[in-house]
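Undergrad: Take a look at the following structure, please.
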Amino acid sequence: MSAGDARREPGTATIPAAMKADDAHLDRLEAEAIHVFREAAAQFRQPVLLYSIGKDSSVLLHLARKAFHPARIPFPLLHIDTGWKFREMYAFRDRVARELGLRLIVHVNEEGRARGINPLDHGAALHTEVMKTEALRQALALHGFDAAIGGARRDEERSRAKERVFSVRHAGQRWDPRRQRPEFWELLNGRLGPGETMRVFPLSDWTELDVWLYVRREGIEVVPLYFAKERPVVEHQGALIVLDDPRFADRFGPVRLERVRFRSLGCWPLSGAIRSDADTLDALIAEQFASRHSERQGRLIDHDEAASMERKKREGYF
Amino acid sequence: MSAVPASPPAPALPPLRLAIIGSVDDGKSTLLGRLLADCGLVPEDQWQALLAECRRRGLPEGEIEYAWLNDGLEAEREQGITIDVAWRYFRTARRVFIVADCPGHEQYTRNMASGLSRAELAVLLIDASRGVTRQTLRHLRIAALFGVPGVLLAVNKMDRVGFSRERFEELVAPLAALARELRIPRLEAIPIAAREGENLLRPSARLPWHGGPSLLAFLESYRVPPPAREAARLAVSLVLRAEPEFRGYAGTLAGGGIALGDEVVVLPSGQRSRVAEIRRGFAAVPRAGAGDAVVLRLADERDVGRGDVIAAARAPLAVADQFAAQLLWLDEEPLLPGRRYWLRLATLEVGAQVTEIRHRIEIESGQRLAARRLEAGEIAHLHLAADRPIPFAPFAEERPFGAFLLVDRERGATVAAGAIEYALRRATNVHWQPVALGAEARARIKGQRPRCLWFTGLPAAGKSTVADLLEQRLHALGYHTMLLDGDNLRHGLNRDLGFTPEDRVENIRRVAEVARLMCEAGLIVLVSLVSPYRADRAMARSLFRAGEFVEVFVDVPPEVAAARDPKGLYAKARAGLIPNFTGVNAPYEPPEAPEIRLPAAEEPPERLAERVLAYLLEGSPR
Ligand SMILES: Nc1nc2c(ncn2[C@@H]2O[C@H](COP(=O)(O)OP(=O)(O)O)[C@@H](O)[C@H]2O)c(=O)[nH]1
């Protein structure tokens with residue numbers, strides 16, 4: 032029997048029936064994430080929250096505030112800035128940090144910047160290695176953080192599907208997927224051996240859809256780039272790139288206006304937009320239910336090689 | 030683009046946490062991949078990537094290896110095996126599923142167990158043509174140990190046995206009997222052919238004799254037995270302080286709900302109070318339920334810290350320090366009774382040791398076998414002693430307070446996962462009864478402070494020589510002393526012990542206990558013992574009060590010790606005549622922070638003894 036004939040038609044016919052259970056499910060995901068935050072705060076000497084401005088970071092920040100309320104979040108936020116984020120992202124980051132009175136550390140790999148590393152001349156792989164992975168290693172070492180709390184979800188990508196909630200990094204922030212510390216029940220073991228640090232993932236069990244349902248339920252603000260709008264786009268290596276600033280404008284083909292939005296945000300030359308009319312949360316969630324594509328399809332950095340995410344993670348990527 | 034229909038769907042059950050388990054190649058990854066594909070839940074780009082991979086790796090036209098949808102690590106795809114759990118999330122028209130696709134290799138039992146521990150239903154695959162394997166039984170036993178409330182036997186590859194009903198029944202019967210014996214509350218069985226998609230979404234025409242539901246229909250309608258509801262308990266994760274004068278206890282409620290004004294008791298201290306405030310997220314609320322992450326404030330000033338439990342006063346948890354437990358050993362280094370570990374239970378961490386392995390369970394036969402150590406993947410019943418009384422509940426009654434980990438004190442690694450069965454001795458009186466005449470009183474009459482001077486170092490480093498000289502000096506100064514020499518004790522107290530790792534641990538434990546008793550009697554005790562492992566010296570140290578234990582590292586380079594070799598032991602060991610000889614064919618772990626380090630290659634023993642004496646006199650003037 033071939034695969035095709037038995038496959039159910041995707042989309043609304045199969046999906047929204049579970050909606051009723053969603054609220055209880057979100058409650059449970061929220062409580063579990065808060066438990067992870069509190070355990071991290073209790074067990075590590077100097078944790079930090081990796082804040083990358085996207086929807087997952089917005090949810091992560093909201094959960095952190097809930098976890099410690101009415102006390103303040105007992106650790107700073109760290110943004111690894113590549114210098115190539117969308118302008119709307121920078122504006123959003125600075126306003127959120129100001130309004131919530133957060134301690135925000137912005138780290139740039141100055142050595143990489145001095146060398147002029149950028150995604151267009153050097154390619155996604157090198158840019159990511161130098162300006163993200165290397166920059167993150169620098170920042171963690173510079174401030175002596177022993178735990179980095181991030182918003183990665185297991186449903187994002189297949190090597191992420193293998194992550195623990197408390198995930199040990201060996202010397203040099205390296206992930207060894209063949210030798211992960213086992214994890215049982217809700218018992219989180221934050222003990223570290225010599226040279227080790229921890230990555231902590233409170234959103235491990237959340238799906239992309241859970242994130243959006245939670246954003247809607249809690250009224251969490253996200254960067255407007257997630258909603259459809261007419262934006263100046265160019266076709267580039269099979270992706271729709273939104274031109275965000277005038278750097279390297281000459282590298283791209285003709286610019287046209289299209290109604291697009293993003294499912295996942297990163298550096299603008301590496302983030303593929305999707306054509307969409309979803310300009311409200313309800314419309315976005317409906318589109319999400321019906322989607323036949325994975326969230327990271329637009330990300331150029333994942334297409335370099337078959338197992339690229341795993342390689343980057345082993346080297347210390349987020 | 031269609032919108033979400035407004036009409037309410039059929040009543041949906043809560044999400045289901047599944048673990049797919051079973052032996053290598055029984056079809057776990059195939060089942061999950063095929064299920065996702067048939068439900069139309071594989072994203073288009075991933076589907077295309079899979080088709081491309083099947084072509085690239087030379088599969089016959091039209092054939093698809095669904096397992097590759099889940100094996101996410103490079104090594105897994107290269108070797109065609111699953112190494113670690115892959116977590117998958119999917120939703121059908123009726124239900125949300127959180128799935129742990131677990132590895133089947135014995136070598137990766139710890140990963141499989143990680144995926145299984147939180148499952149509400151374990152789907153245990155069996156290859157109908159190959160039958161029940163050792164791993165099938167191991168996985169079923171671990172499911173029972175971890176209290177998984179239900180098991181579904183998915184008898185796979187029915188195409189290979191002609192969809193035979195007899196074969197199906199012959200496989201299921203003994204497993205159903207074993208499940209009953211292991212007290213697994215519910216066990217069901219369904220025949221499938223995962224790769225062919227038979228009986229996954231819809232009943233299969235090739236299995237007309239199977240009256241039950243398809244696999245997916247079963248999963249969509251499976252009701253998780255609710256956990257026994259006890260009274261409310263909150264394991265304190267964190268104490269939160271905020272202006273003005275806010276002091277709240279953060280944690281996740283278990284067991285039952287709590288309301289304002291409820292009377293509570295703090296464990297293990299036993300202090301009582303009432304709930305003055307309940308916060309959930311940003312709001313103060315009048316009540317909260319099991320599973321909620323909350324912050325509680327109490328009506329009275331109480332000394333509450335991380336690891337304490339706030340429990341409903343009408344039904345508090347018991348408190349004890351010695352337990353009978355069952356556990357799964359995970360580490361490459363064996364479990365040795367007497368070694369010290371961290372015990373993690375709820376939000377608490379205390380020092381603990383396994384005092385006795387009662388027996389280990391043979392995986393296939395279930396036989397109880399005597400054991401002096403445990404290897405990775407073995408299950409055993411044993412006795413556990415915590416350093417102090419802790420609040421707990423039997424695992425079978427309240428999982429959150431009966432589930433525990435053992436953690437290696439050097440590496441921080443999680444080395445065991447277990448379940449408390451019952452307390453061996455309840456700490457009925459939580460506060461220790463002070464003995465009228467204490468160690469201090471006994472020492473005072475001798476005009477000294479009791480100490481344990483623990484000389485550690487390579488064989489022939491000079492431990493006994495220095496200890497001997499020091500004792501003579503102390504004696505001359507009028508101190509009451511006792512010298513315990515490792516070699517001499519082996520002729521009497523420890524003559525039943527050899528030099529295996531287990532015996533070394535026991536040797537050290539006995540010497541340390543004797544030294545502790547002598548300290549209680551007020552003596553200055555000098556112990557001369559190679560004691561090569563840090564964990565064992567830490568165990569010895571933990572028996573003493575702060576400041577009482579003085580680790581003296583007699584430090585010589587191995588070449589120097591070997592050259593001295595007064596008893597000719599190094600020579601013999603190198604000739605292979607002495608197995609496990611420290612410094613030759615067994616390791617020595619030097620202390621990281623000894624109270625005193627003696628440079629024994631550079632200075633004569635008299636100088637070294639003076640150094641220790643100076644240290645003692647500095648701290649304890651007469
Ligand atoms: N004939 C037959 N082969 C199957 C069936 N299900 C799985 N297989 C094959 O069994 C092999 C092992 O499957 P896999 O899913 O990797 O097993 P796992 O180790 O349990 O995850 C693969 O080659 C599958 O194609 C089935 O129902 N019938």
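Taken in order, these protein sequences are the chains called A and B.
Using the working numbering, the first residue of the first sequence is number 32, and each one after it goes up by one.
Using the working numbering, the first residue of the second sequence is number 30, and each one after it goes up by one.
Note that CB positions come from ideal geometry on N, CA and C, so glycine has one too.
(1) Say yes only if the C-beta of Asp55(B) is nearer than 6 Å to one or more non-hydrogen atoms of ligand 1, and no if none qualify.
(2) Which residue comes first and which comes last in the beta strand (DSSP E) that contains Ser322(A)?
(3) Taking Leu499(B) as the reference, which of Glu90(B), Arg331(B) and Arg640(B) has the closest Cα?
(4) My assumption, with CB atoms under 8 Å, is that Glu618(B) sits in contact with Pro530(B). Please give the rounded CB distance.
(5) For Leu340(B), which of Glu73(B), Gly240(B), Phe275(B) and Pro297(B) has the nearest alpha-carbon?
(6) For Gly224(A), decide whether its Cβ has a neighbour in chain B, counting only Cβ atoms nearer than 7 Å.
(7) Considering only their Cβ atoms, is the gap separating Leu153(B) from Val128(B) smaller than 7 Å?
(8) Quick check: the Cα distance between Ala550(B) and Val293(B), rounded to an integer number of angstroms?
(9) Given a threshold of 16 other Cβ atoms within 10 Å of its Cβ, counted over all protein chains shown, does His100(A) qualify as buried or as exposed?
(10) Against chain A, which members of the region 512-541 of chain B pass a CB distance test of less than 9 Å?
(11) Output yes if chain A places a C-beta closer than 7 Å to the C-beta of Gly176(B); else output no.
(12) Considering just the uninterrupted stretch of the beta strand (DSSP E) at Thr164(A), what are its terminal residues?
(13) Evaluate Lys373(B) with the Cβ neighbour count: other Cβ atoms within 10 Å of its Cβ, from every protein chain shown; 16 or more gives buried, anything less gives exposed.
(14) If I follow the unbroken alpha helix (DSSP H) through Trp76(B), where does it start and stop?
(15) Beta-carbon of Pro463(B) versus every beta-carbon of chain A: anything under 7 Å?
(16) So is Leu325(B) in contact with chain A if we call contact Cβ pairs under 7 Å?
(17) In the structure shown, what three-state DSSP assignment does Arg326(B) receive?
(18) So, are the CB atoms of Asp188(B) and Glu217(B) less than 7 Å apart?
(19) Roughly how many angstroms separate the alpha carbons of Phe352(B) and Leu256(A), rounded to a whole number?
(20) One question on the structure: do Trp237(A) and Leu60(A) come within less than 7 Å of each other, judged by their Cβ atoms?
(21) What runs of the alpha helix (DSSP H), each 4 residues or longer, lie entirely inside the region 191-241 of chain A?
(22) Using a Cβ-Cβ cutoff of less than 8 Å, which residues in the same chain neighbour Phe283(A) once the five nearest sequence positions on both sides are dropped?
(23) Of all Cβ atoms in chain B, is any one closer than 7 Å to the Cβ of Phe215(A)?
(24) Using beta carbons (cut-off 7 Å, strictly below), is Leu267(B) in contact with chain A?
(25) Assuming Leu267(B) and Asp321(B) are in contact, meaning their beta carbons sit under 8 Å apart, how far apart are those beta carbons, in whole angstroms?
(26) Could you name each continuous alpha helix (DSSP H) segment of 4 residues or more that falls completely within the region 162-186 of chain B, going from the start of the chain to the end?
(27) With H, G and I counted as helix, E and B as strand and the rest as coil, what does DSSP make of Lys86(A)?
(28) Output yes if chain D places a C-beta closer than 7 Å to the C-beta of Arg287(A); else output no.
(29) So does the region 342-360 of chain B actually touch the region 305-313 of chain B, counting three or more Cβ pairs closer than 8 Å?
(30) Which residue comes first and which comes last in the alpha helix (DSSP H) that contains Phe197(B)?
(31) Measuring only the C-alpha atoms, how far is Ala48(B) from Ala55(A)?
(32) Counting pairs of Cβ atoms below 8 Å between the region 207-227 of chain A and the region 236-250 of chain A, do you hit three or more?
(33) Just to make sure I have the definition right: I need the residues of chain B whose C-beta is within less than 7 Å of the C-beta of Phe99(A). Which are they?
(34) Mind checking which residues open and close the beta strand (DSSP E) that includes Asp156(B)?
(35) For ligand 1, is there a heavy atom less than 6 Å away from the beta-carbon of Ser58(B)?
TA: The short version:
(1) Taking the first residue of the second sequence as 1, we reach residue 55(B) at position 26. Yes; taking the cut-off as 6 Å, the Cβ of Asp55(B) has a heavy atom of ligand 1 nearer than that.
(2) Here residue 322(A) is taken as the residue at index 291 of the first sequence, counted from 1. Note, Ser322(A): premise wrong, no beta strand (DSSP E); not H, not E.
(3) On the second sequence, residue 499(B) is found 470 positions in, with the first residue counted as 1. For Leu499(B), the nearest C-alpha among the options comes from Arg640(B).
(4) Residue numbering aside, residue 618(B) sits at position 589 when the second sequence is read from its first letter. Residue numbering aside, residue 530(B) sits at position 501 when the second sequence is read from its first letter. Contact doesn't hold; Cβ gap of about 13 Å is too wide.
(5) Position 311 of the second sequence, counted from the first residue, corresponds to residue 340(B). Per the sequence shown, residue 340(B) should be read as Ala rather than Leu. Cα-wise, what sits closest to Ala340(B) is Pro297(B).
(6) Taking the first sequence and counting its residues from 1, the one referred to as residue 224(A) is at position 193. So, interface residue.
(7) Indexing the second sequence from 1 puts residue 128(B) at position 99. Indexing the second sequence from 1 puts residue 153(B) at position 124. No, the Cβ-Cβ distance between Val128(B) and Leu153(B) is not below 7 Å.
(8) As a first step, residue 550(B) must be located in the second sequence, where it is residue number 521. As a first step, residue 293(B) must be located in the second sequence, where it is residue number 264. The straight-line gap from Cα to Cα measures roughly 42 Å.
(9) By one-based count along the first sequence, residue 100(A) stands at place 69. Burial state of His100(A) is buried, judged by a 10 Å Cβ sphere holding 16 or more other Cβ atoms.
(10) none
(11) Residue mapping note: residue 176(B) aligns to position 147 of the second sequence, counting from 1. Chain A, which has no Cβ nearer than 7 Å to the Cβ of Gly176(B), makes this no.
(12) Position 133 of the first sequence, counting from 1, holds the residue named residue 164(A). It is not in any beta strand (DSSP E) - Thr164(A) carries neither H nor E in the DSSP assignment.
(13) Reading the second sequence from its first residue, position 344 is the one you call residue 373(B). As written in the sequence, residue 373(B) is Arg, which differs from the Lys given in the question. The residue is buried, with at least 16 neighbouring Cβ atoms inside 10 Å.
(14) Residue 76(B) sits at position 47 when you count from the first residue of the second sequence. Segment Glu73 to Arg85, the alpha helix (DSSP H) holding Trp76(B).
(15) In the second sequence, counting from the first residue as 1, residue 463(B) sits at position 434. Residue confidence for Pro463(B) is low, a pLDDT of 42 falling below 50, so the modelled location carries little weight; the figure read from the coordinates is stated next. By this cut-off, Pro463(B) is not an interface position.
(16) As a working mapping, residue 325(B) is identified with position 296 in the second sequence. No, its Cβ sits nowhere closer than 7 Å to a Cβ of chain A.
(17) Position 297 of the second sequence, counted from the start, is the residue given in the question as residue 326(B). In the three-state reduction of the DSSP assignment, Arg326(B) falls in the strand class, which pools E and B.
(18) Translated into the one-based positions of the second sequence, residue 188(B) becomes position 159. Translated into the one-based positions of the second sequence, residue 217(B) becomes position 188. No.
(19) Counting from 1 along the second sequence, the entry for residue 352(B) is found at position 323. Counting from 1 along the first sequence, the entry for residue 256(A) is found at position 225. Near 56 Å, if we compare the C-alpha coordinates of Leu256(A) and Phe352(B).
(20) One-based indexing of the first sequence puts residue 237(A) at position 206. One-based indexing of the first sequence puts residue 60(A) at position 29. Cβ distance < 7 Å, so Trp237(A) and Leu60(A) count as in contact.
(21) none
(22) Here residue 283(A) corresponds to residue number 252 of the first sequence, with the count starting at 1. Here the set comprises Val265, His267, Ile272 and Leu274.
(23) On the first sequence, position 184 is the one that residue 215(A) refers to. At least one chain B Cβ lies under 7 Å of Phe215(A).
(24) In the second sequence, the residue the question calls residue 267(B) occupies position 238. Output row for Leu267(B): interface = yes.
(25) Within the second sequence, numbered from 1, the residue matching residue 267(B) stands at position 238. Within the second sequence, numbered from 1, the residue matching residue 321(B) stands at position 292. With a Cβ gap of about 15 Å, Leu267(B) and Asp321(B) do not count as contacting.
(26) 163-174
(27) Locating residue 86(A) in the first sequence gives position 55, counting from the first residue. Helix at Lys86(A).
(28) Among the chains of the structure shown, chain D does not appear; the protein chains present are A and B.
(29) Because the criterion of three Cβ pairs below 8 Å is not met, the region 342-360 of chain B and the region 305-313 of chain B do not touch.
(30) Looking up residue 197(B) in the second sequence gives position 168. Note, Phe197(B): alpha helix (DSSP H), Arg194 to Glu210.
(31) Within the second sequence, the letter at position 19 stands for residue 48(B). Within the first sequence, the letter at position 24 stands for residue 55(A). Taking the straight line from one Cα to the other gives about 21 Å.
(32) no
(33) Along the first sequence, one-based indexing puts residue 99(A) at 68. Within chain B, the residues near Phe99(A) are Leu269.
(34) Counting from 1 along the second sequence, the entry for residue 156(B) is found at position 127. Leu150 to Asp156 is the span of the beta strand (DSSP E), which, as asked, contains Asp156(B).
(35) As a first step, residue 58(B) must be located in the second sequence, where it is residue number 29. For ligand 1, a non-hydrogen atom lies closer than 6 Å to the CB of Ser58(B).
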